[in-house]
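*Asks:* Residue numbers (numbering that gives the first Met the number 0), protein chains in the order written: chain H, 0 to 241; chain W, 0 to 241. Here it is, the structure, as structure tokens.
There are 2 protein chains.
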Amino acid sequence: MTLIPSPAQLPTVRPLVTVDLAILTVREHRLHVLLVRRPTEPAEPYPGHWALPGGFIRVGTDQTLLDCAQRKLAEKTGVESPYLEQVAAVGSADRDPRGWSVTHLYLALIPSNDVILRAGANAAAAEWHPIEGDRVNVPLAFDHESLLALALDRLRAKIEYTSLPAFLLVEPFTLPELQHVYEVVLDRPVEKSAFRKRLFAQDFIEATGASRETGKRPAALYRLRYRDKPVYFPRTFSPRGD
Amino acid sequence: MTLIPSPAQLPTVRPLVTVDLAILTVREHRLHVLLVRRPTEPAEPYPGHWALPGGFIRVGTDQTLLDCAQRKLAEKTGVESPYLEQVAAVGSADRDPRGWSVTHLYLALIPSNDVILRAGANAAAAEWHPIEGDRVNVPLAFDHESLLALALDRLRAKIEYTSLPAFLLVEPFTLPELQHVYEVVLDRPVEKSAFRKRLFAQDFIEATGASRETGKRPAALYRLRYRDKPVYFPRTFSPRGD
DNA sequence: TATTTAAGTTGCACAATACCACTTATATTT
DNA sequence: AAATATAAGTGGTATTGTGCAACTTAAATA
């Protein structure tokens with residue numbers, strides 16, 4: 000009996016593979032995260048709980064991990080090309096009661112203005128929830144509280160030395176508006192003069208010529224020179240008392 | 000006929016889930032990466048090619064993604080607790096001919112001295128290969144060339160503002176040795192005086208009292224104060240001519 | 001016209017690094 | 001033994017980007 004070369008051994012038991020999104024925006028002077036309600040069927044884990052939007056990779060539909068994240072973002076928000084960044088992959092035997100699972104966490108920054116929330120097929124409702132510190136005001140399904148904390152850590156770390164917050168605003172925007180976004184995310188005041196010098200030194204914004212009337216002296220409007228990626232500053236922010 | 004609540008729909012077709020490691024060290028004044036040879040059976044993809052060490056998650060064995068990375072690292076090198084960091088997850092329909100797959104890339108830094116290379120069950124040979132720029136001198140299987148580039152990018156970015164290179168040395172080490180590791184990884188000279196002032200300002204190293212004879216003036220030996228995590232410097236390195 | 005307020009600017013202080021010259025310790029050469 | 005070479009290690013000024021505070025400017029309002 001001749002042995003046919005045995006086919007390569009592929010694992011028959013495979014982990015569940017998902018993508019989850021921490022979609023963040025600034026509304027009413029506070030950072031918010033988009034949450035969806037899990038289905039209420041008792042067969043589902045965490046029925047009725049709030050969760051980060053996400054779901055299984057669709058092997059037939061999604062060409063890449065990033066495609067999958069973009070698809071889910073568009074499904075929930077209608078936003079097509081926001082800032083979208085992979086934060087981390089978290090995988091373990093016990094994070095999902097249905098079995099060994101790996102989730103791929105993406106951070107999305109979008110301006111709150113141009114969002115039309117859509118309840119997805121697998122989610123009864125989608126709502127903005129304000130962020131208090133590292134948490135949100137409702138319990139989350141699975142390990143989504145720690146996923147949210149990871150995304151917030153990433154955002155707050157990068158804000159110290161990048162222009163990421165610009166992606167939370169609609170263009171054109173004024174410098175006081177941009178400064179305010181920094182202050183909301185960092186949860187501390189930012190010094191006006193140093194802030195503006197940083198921006199101008201990198202010249203990643205340009206004046207539109209127009210200005211916005213706000214009741215007092217009008218503020219000049221700016222747009223980004225490059226929409227695709229953030230600018231890196233040579234040093235971090237940090238008030239002297241550190 | 001009564002409907003039983005349908006069980007939650009889990010995907011029946013699931014991606015392959017793997018972990019790959021970029022294990023880096025400095026030998027003979029150059030950065031090296033550990034590569035293994037893929038099995039030569041024709042049923043295997045990329046038979047006989049060099050590849051980053053890695054493999055499928057073992058759902059029965061590995062409790063977490065990190066556990067899996069640690070297990071594979073120990074299998075190949077015998078090193079138990081090096082610096083190990085998740086770099087990124089890369090997933091797509093076409094990166095592995097056997098089907099939709101996601102790999103989880105980890106970066107490991109180890110001192111070359113205490114390594115005993117072991118050919119694993121699924122790899123005929125394990126060898127150090129010198130790194131030239133972003134590449135290695137042999138073609139790699141799958142998308143491992145771009146994975147390697149990702150790991151190198153991460154290392155080089157972090158070296159600009161952290162003490163990561165210390166994990167590439169055995170303790171105790173001298174400051175000229177540490178400086179040399181920085182220069183090898185950055186592929187540019189580092190200014191001695193500024194370098195030392197940075198180190199001392201963070202005080203993450205302490206003198207052992209002993210010194211190493213090198214032919215000329217002996218160099219003082221130092222050890223790390225904290226083995227678990229790198230130190231972050233307040234600014235990046237960068238020569239003025241940038 | 002004076003006042004108020006937010007937008008925007010100017011100038012000096014300060015901290016960390018770049019760069020360069022110098023001193024020190026050891027081995028080697030004369 | 002003294003001079004020399006070389007790598008280890010130190011000190012001092014220049015430069016850069018931020019922190020901080022006072023100032024000017026432009027509009028709305030009293």
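By construction, the Cβ of each residue, glycine as well, lies at the ideal position given by its N, Cα and C atoms.
Indicate whether at least one CB of chain W lies closer than 8 Å to the CB of H:Gln85.
*Replies:* Judged by the 8 Å Cβ criterion, H:Gln85 is in contact with chain W.
*Asks:* Could you name the residues of the same chain whose beta carbon sits closer than 8 Å to that of H:Ala73, not counting the 5 residues immediately before and after it, in chain order?
*Replies:* Glu79
*Asks:* 8 Å is my cut-off, CB to CB: does W:Thr63 come that close to chain H?
*Replies:* yes
*Asks:* Count the other CB atoms within 10 Å of the CB of H:Pro41; is the residue buried (16 or more) or exposed (fewer)?
*Replies:* exposed
*Asks:* Compare the C-beta of H:Val58 with all C-beta atoms of chain W and state if any pair is closer than 8 Å.
*Replies:* Taking CB atoms only, H:Val58 has a neighbour in chain W less than 8 Å away.
*Asks:* Taking only the alpha-carbon atoms, compute the straight-line gap between H:Arg155 and W:Asp152 and give it to the nearest angstrom.
*Replies:* 22 Å
*Asks:* State the Cα-Cα distance for the pair W:Pro38 and H:Val230, rounded to the nearest angstrom.
*Replies:* 44 Å
*Asks:* Helix, strand or coil for W:Ser237? Go by DSSP, reduced to three states.
*Replies:* coil
*Asks:* List the residues of chain W that H:Ala107 touches, going by C-beta distances under 7 Å, in chain order.
*Replies:* Ordered by position in chain W, no residue passes the 7 Å Cβ test against H:Ala107, which lies about 16 Å from the chain.
*Asks:* Return the CA-CA distance between W:Ser5 and W:Thr11, expressed in angstroms with no decimal places.
*Replies:* For W:Ser5, the predicted model reports a pLDDT of 42, less than 50, meaning its position is unreliable and no value from the coordinates is stated.
*Asks:* Please compile the residues from chain H whose C-beta is within a distance smaller than 7 Å of the C-beta of W:His103.
*Replies:* Ala88
*Asks:* For H:Ser91, which residues in chain W fall below 8 Å Cβ to Cβ?
*Replies:* Gln62, Thr63 and Leu64
*Asks:* May I ask which residues mark the beginning and end of the beta strand (DSSP E) holding H:Gln85?
*Replies:* Tyr82 to Ser91
*Asks:* For W:Gly53, count neighbouring Cβ atoms within 10 angstroms of its own Cβ and tell me buried if that reaches 16, exposed if not.
*Replies:* buried
*Asks:* In the structure shown, what three-state DSSP assignment does H:Ser162 receive?
*Replies:* coil
*Asks:* Exposed or buried, which one is H:Val246 when buried takes at least 16 other CB atoms within 10 Å?
*Replies:* Residue 246 of chain H lies beyond the residue range present for chain H, which begins at 0 and ends at 241; the question has no answer from this structure.
*Asks:* How about H:Ala87 and H:Leu108: do their beta carbons lie closer than 8 Å?
*Replies:* no
*Asks:* Go through its chain and collect everything with a Cβ distance to H:Arg224's Cβ below 8 Å, but skip five positions before and after it.
*Replies:* Asp202, Phe203, Ile204 and Glu205
*Asks:* State the CB to CB distance for the pair H:Ser111 and H:Val25, rounded to an integer number of angstroms; the pair is presumed to be in contact (CB under 8 Å).
*Replies:* 7 Å
*Asks:* Tell me which residues of the stretch 8-21 of chain H have at least one Cβ-Cβ distance to chain W shorter than 7 Å, keeping chain order.
*Replies:* Leu9, Pro10, Val12, Arg13, Pro14, Leu15 and Val16
*Asks:* H:Ser192 to H:Glu27, Cα distance in whole Å?
*Replies:* 24 Å
*Asks:* Can you pull the chain W residues whose beta carbon is under 7 Å from the beta carbon of H:Arg197, in chain order?
*Replies:* The premise fails here: H:Arg197 is roughly 14 Å from chain W at the closest Cβ pair, so nothing lies under 7 Å.
*Asks:* Determine contact between the stretch 59-71 of chain W and the stretch 83-99 of chain H, defined as no fewer than three beta-carbon pairs at a distance below 8 Å.
*Replies:* yes
*Asks:* Take H:Pro81 as the anchor and find which of H:Lys228, H:Phe236, H:Arg234 and H:Pro233 has the nearest alpha-carbon.
*Replies:* The residue with the shortest Cα to Cα distance from H:Pro81 is H:Lys228.
*Asks:* Using a Cβ cut-off of 7 Å, pull out every chain H residue sitting near W:Phe55, in sequence order please.
*Replies:* Pro10
*Asks:* Anything in chain W within Cβ reach of H:Arg234, meaning under 8 Å, just list it in chain order.
*Replies:* Pro233 and Arg234
*Asks:* Please classify W:Gly90 as buried or exposed, where buried requires at least 16 other C-beta atoms within 10 Å of its C-beta.
*Replies:* buried
*Asks:* In whole angstroms, what separates the C-alpha of H:Ala31 from that of H:Phe194?
*Replies:* With the sequence shown as reference, residue 31 of chain H is identified as His, and Ala is not the correct amino acid for it. C-alpha separation (whole angstroms): 24 Å.
*Asks:* Quick one: Cα of W:Leu51 to Cα of W:Val16, how far?
*Replies:* 15 Å
*Asks:* If distances are taken between C-alpha atoms only, which option among W:Val35, W:Tyr181, W:Glu212 and W:Arg70 comes closest to W:Ala124?
*Replies:* W:Val35
*Asks:* In terms of residue numbering, what span does the alpha helix (DSSP H) encompassing H:His48 cover?
*Replies:* Here H:His48 belongs to no alpha helix (DSSP H), and DSSP marks it neither H nor E.
*Asks:* Put H:Glu182 into one of helix, strand or coil per three-state DSSP.
*Replies:* helix
*Asks:* Tell whether a beta-carbon distance below 8 Å holds between H:Val180 and H:Leu167.
*Replies:* yes
*Asks:* Quick one: residues in its chain with C-beta nearer than 6 Å to the C-beta of H:Ala120, no 5 flanking neighbours on either side, listed in chain order?
*Replies:* Low local confidence applies: a pLDDT of 49 at H:Ala120 is under 50, so the model's placement there is unreliable, and no value is given.
*Asks:* On the criterion of 16 or more Cβ atoms from any shown chain inside 10 Å, does H:Ser237 qualify as buried, or is it exposed?
*Replies:* That one is exposed.
*Asks:* Do we get a CB-CB distance below 8 Å when we pair W:Tyr225 with the residues of chain H?
*Replies:* no
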